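Student: Same order as they appear, the protein sequences are chains F and A.
Start counting the first sequence at 10; every next residue gets the next number (my numbering).
Start counting the second sequence at 17; every next residue gets the next number (my numbering).
Just so you know, even glycine gets a beta-carbon here, dropped at the ideal spot from N, CA and C.
Note that this is a predicted model, so its numbers are computed, not measured.
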Amino acid sequence: MSSSRDDFGIAFRSALLQRGAAQKFSLVFLIFIASIIFFLDVYGFGFMKPIRSIINDGIYRVSLVASSPSRFIPQTTGSVTNLFNIKSENEKLKKALEVYRQKELSVEYLTNQNKNLRKILESDETLFQFQSNTIISKVLIDKSSPYLKSIIINRGSSSGILKGMPVLDKEYLVGRVVETNYLSSRVLLLNDLNSRIPVTFGEDGVQAILKGSGGSRPVLEYLPEGYVVEEGIEVFTSGKDRIFLPGSPIGTTIENGKVKLFSESSQLSFVKVDLSKQRKEAF
Amino acid sequence: MRKLINLGPLILLYYLSISEIDSHFENYFEILSFNIQLIIIYFWVSKRPEALGGGHIFFAGLINDVIMGFPLGLSSLSYLTVSLVANYVKNMTVNTRITTDWFTFFIAIFFSNLIFFILLSNFSEIEINLTEISYNTFFTLIFFPFFWFLFTFYNSIITTDKHA
Numbered sequence: 010m011s012s013s014r015d016d017f018g019i020a021f022r023s024a025l026l027q028r029g030a031a032q033k034f035s036l037v038f039l040i041f042i043a044s045i046i047f048f049l050d051v052y053g054f055g056f057m058k059p060i061r062s063i064i065n066d067g068i069y070r071v072s073l074v075a076s077s078p079s080r081f082i083p084q085t086t087g088s089v090t091n092l093f094n095i096k097s098e099n100e101k102l103k104k105a106l107e108v109y110r111q112k113e114l115s116v117e118y119l120t121n122q123n124k125n126l127r128k129i130l131e132s133d134e135t136l137f138q139f140q141s142n143t144i145i146s147k148v149l150i151d152k153s154s155p156y157l158k159s160i161i162i163n164r165g166s167s168s169g170i171l172k173g174m175p176v177l178d179k180e181y182l183v184g185r186v187v188e189t190n191y192l193s194s195r196v197l198l199l200n201d202l203n204s205r206i207p208v209t210f211g212e213d214g215v216q217a218i219l220k221g222s223g224g225s226r227p228v229l230e231y232l233p234e235g236y237v238v239e240e241g242i243e244v245f246t247s248g249k250d251r252i253f254l255p256g257s258p259i260g261t262t263i264e265n266g267k268v269k270l271f272s273e274s275s276q277l278s279f280v281k282v283d284l285s286k287q288r289k290e291a292f
Numbered sequence: 017m018r019k020l021i022n023l024g025p026l027i028l029l030y031y032l033s034i035s036e037i038d039s040h041f042e043n044y045f046e047i048l049s050f051n052i053q054l055i056i057i058y059f060w061v062s063k064r065p066e067a068l069g070g071g072h073i074f075f076a077g078l079i080n081d082v083i084m085g086f087p088l089g090l091s092s093l094s095y096l097t098v099s100l101v102a103n104y105v106k107n108m109t110v111n112t113r114i115t116t117d118w119f120t121f122f123i124a125i126f127f128s129n130l131i132f133f134i135l136l137s138n139f140s141e142i143e144i145n146l147t148e149i150s151y152n153t154f155f156t157l158i159f160f161p162f163f164w165f166l167f168t169f170y171n172s173i174i175t176t177d178k179h180a
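1. Between the beta-carbon of F:ILE259 and the beta-carbon of F:LEU198, is there less than 9 Å?
2. Can you tell me whether F:ARG61 is helix, strand or coil according to DSSP?
3. Taking the alpha helix (DSSP H) that F:ALA43 falls in, what are its first and last residues?
4. Going by the beta-carbon positions, is the gap between F:ILE218 and F:ARG226 smaller than 9 Å?
5. Leaving out five residues before and five after A:LEU32 in sequence, what residues of the same chain have Cβ atoms less than 7 Å from its Cβ?
6. Given a threshold of 16 other Cβ atoms within 10 Å of its Cβ, counted over all protein chains shown, does A:LYS19 qualify as buried or as exposed?
7. Rank F:ASN190, F:THR143, F:TYR231 by C-alpha distance to the C-alpha of F:PRO207 and give the top, closest one.
8. Determine the closest residue to A:TRP60 out of A:GLY24, A:PHE133, A:THR116, with distance taken between C-alpha atoms.
9. Looking only at its own chain, which residues have a Cβ that is under 7 Å from the Cβ of F:ILE2, when we skip the five neighbours before and after it?
10. In three-state DSSP terms, what is F:GLY248?
11. Is there a C-beta anywhere in chain A that falls below 9 Å from the one on F:ASN265?
12. Compare the Cα-Cα distances from F:ILE144 to each of F:PHE47, F:GLY214, F:VAL228, F:SER167 and report the closest residue.
13. For A:ASN145, go through chain F and note every residue whose CB falls closer than 7 Å to its CB, in chain order.
14. When we look at the beta-carbon of F:ASP283 and count the other beta-carbons within 10 Å, is it buried (16 or more) or exposed?
15. Cβ of F:GLY248 within 8 Å of any heavy atom in the ligand GDP?
16. In whole angstroms, give me the CA-to-CA distance for F:ASP250 and A:SER35.
17. Determine the direct distance from the alpha carbon of A:ASN22 to that of A:ILE83, and round the result to whole angstroms.
18. For F:PHE279, which of helix, strand or coil comes out of DSSP?
19. What is the DSSP secondary structure of F:GLY256, reduced to helix, strand or coil?
20. Report yes if the CB atom of F:VAL268 is closer than 9 Å to the CB atom of F:VAL237, and no otherwise.
21. Mind reading off the beta-carbon distance from F:LEU277 to F:VAL183? Whole number of angstroms is fine, and I expect it under 8 Å.
22. At a CB-CB cut-off below 7 Å, which residues of chain D make contact with A:ASN152?
23. Mapping DSSP to helix, strand and coil, what is F:ALA30?
24. Does the count of Cβ pairs from the segment 184-191 of chain F and the segment 59-67 of chain F closer than 8 Å reach three?
25. Going along chain A in order, which residues have a C-beta closer than 8 Å to the C-beta of F:GLU188?
26. Let me know if A:ARG113 comes out buried or exposed under the rule of 16 or more other beta-carbons within 10 Å of its beta-carbon.
27. May I ask you to report which of helix, strand or coil DSSP gives F:PHE271?
28. Report the option in A:PHE119, A:SER150, A:ALA67, A:PHE133 whose CA atom is closest to the CA atom of A:THR175.
29. Evaluate contact between the segment 139-148 of chain A and the segment 149-162 of chain F, counting only Cβ atoms and requiring at least three cross-stretch pairs below 8 Å.
30. Under 9 Å, do A:GLY89 and F:ILE46 count as touching if we go by C-beta distance?
Here is the structure:
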């Protein structure tokens with residue numbers, strides 16, 4: 010009995026302290042260092058923020074380069090497939106071009122009309138105004154994690170991005186900024202388990218919270234008592250949190266109070282960050 | 017060339033940590049995700065420790081934390097736990113078969129994911145689902161034999177190359 014306990018102790022100490030020929034550090038030393046780094050980062054000591062920001066920016070850039078082969082292969086396959094379809098597509102495009110030529114005549118008239126309409130809408134807090142205060146960002150990394158649903162974009166505090174700012178794909182809300190570095194930011198997507206967005210929907214303007222489920226379909230919570238969600242109703246941001254502008258479309262309701270998002274989070278290439286609503290960090 | 021082959025496991029570990037390649041296949045099967053890094057670390061630490069140094073495992077963990085958005089050091093602790101169990105098993109056993117490796121790997125990822133979950137849920141504001149971790153642990157365990165054969169074959173190439 011005592012001998013078996015001794016064996017365990019010797020093997021465990023050896024596993025912790027032994028260094029192989031090619032190893033410079035013992036495991037116990039590395040575990041200790043990792044624990045210190047973890048607690049420094051979690052408890053957000055002031056000096057850790059700029060360090061983390063520099064590390065993040067550097068690693069995101071390297072990751073973008075490292076990921077290029079994995080992006081290049083599907084692109085090449087797609088290009089070969091496209092080559093075969095080019096002839097028929099060319100004919101279709103020629104026909105479409107004819108249609109556009111005819112429509113060109115009316116463009117000038119529509120442009121003037123659009124200018125006049127924008128003048129009318131300028132004073133209101135609407136989507137038109139907020140679109141002029143958005144910046145387009147490229148999605149650098151969208152590595153899918155089983156635990157966190159987030160993306161990295163190529164704009165950071167140098168472009169005026171702050172924590173909490175809403176992020177859109179076309180006019181559809183996809184998430185909000187949760188971490189900013191100098192040249193990049195992390196966006197928490199609506200389907201992440203940590204995401205909570207105040208929303209409104211239906212003719213009665215029902216208020217609810219859209220909670221990420223960790224899967225592809227977020228869920229409506231905090232509904233009025235006994236309320237049954239019908240399918241096919243469009244869900245919009247309510248703006249109650251004073252972070253998101255009211256009326257940004259999010260998705261449509263499906264069964265069991267779940268929401269099918271308008272924007273597919275796995276297909277994002279470029280997103281827009283709304284700079285208009287928030288001027289200081291809210292988190 | 018021989019040096020490059022010897023560095024294969026290390027390059028793969030770093031590449032999987034830093035690149036966009038993921039092992040989460042939600043488009044095909046929502047719950048299907050597994051952690052190849054844990055398999056790489058366990059196999060190579062227990063079979064050929066000189067292929068993966070502790071320092072490299074530590075740095076790969078830090079890189080993974082940055083890419084995934086976890087607090088720094090979390091994945092390092094998780095990886096080092098697997099490395100610790102693998103080291104212990106290596107010290108305690110002489111000959112291992114796939115079944116014994118499979119069982120001890122289960123112990124390693126159980127402790128690794130337990131530490132990951134406890135640290136994240138108690139010391140961080142990030143909320144994660146225990147069910148997701150359980151699925152990840154399950155599928156990592158299920159896929160272990162496939163990678164075991166693959167890496168054993170690769171290991172035999174390194175060994176043959178060394179003796180040649």
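Tutor: According to the data block:
1. no
2. helix
3. 36-51
4. no
5. ILE52, GLN53
6. exposed
7. F:TYR231
8. A:GLY24
9. Residue 2 of chain F is absent from the structure shown; chain F starts at 10 and stops at 292.
10. coil
11. no
12. F:SER167
13. LEU202, GLY223
14. buried
15. For the ligand GDP, the structure offers nothing, since it holds no ligand at all.
16. 36 Å
17. 26 Å
18. strand
19. coil
20. no
21. 7 Å
22. Absent from the structure: chain D. Protein chains present are F and A.
23. Model confidence at F:ALA30 stands at a pLDDT of 49, short of 50, so the residue's coordinates are unreliable; what they give is reported in the following sentence. F:ALA30 falls in the coil class under three-state DSSP.
24. yes
25. GLY85
26. exposed
27. coil
28. A:ALA67
29. yes
30. yes
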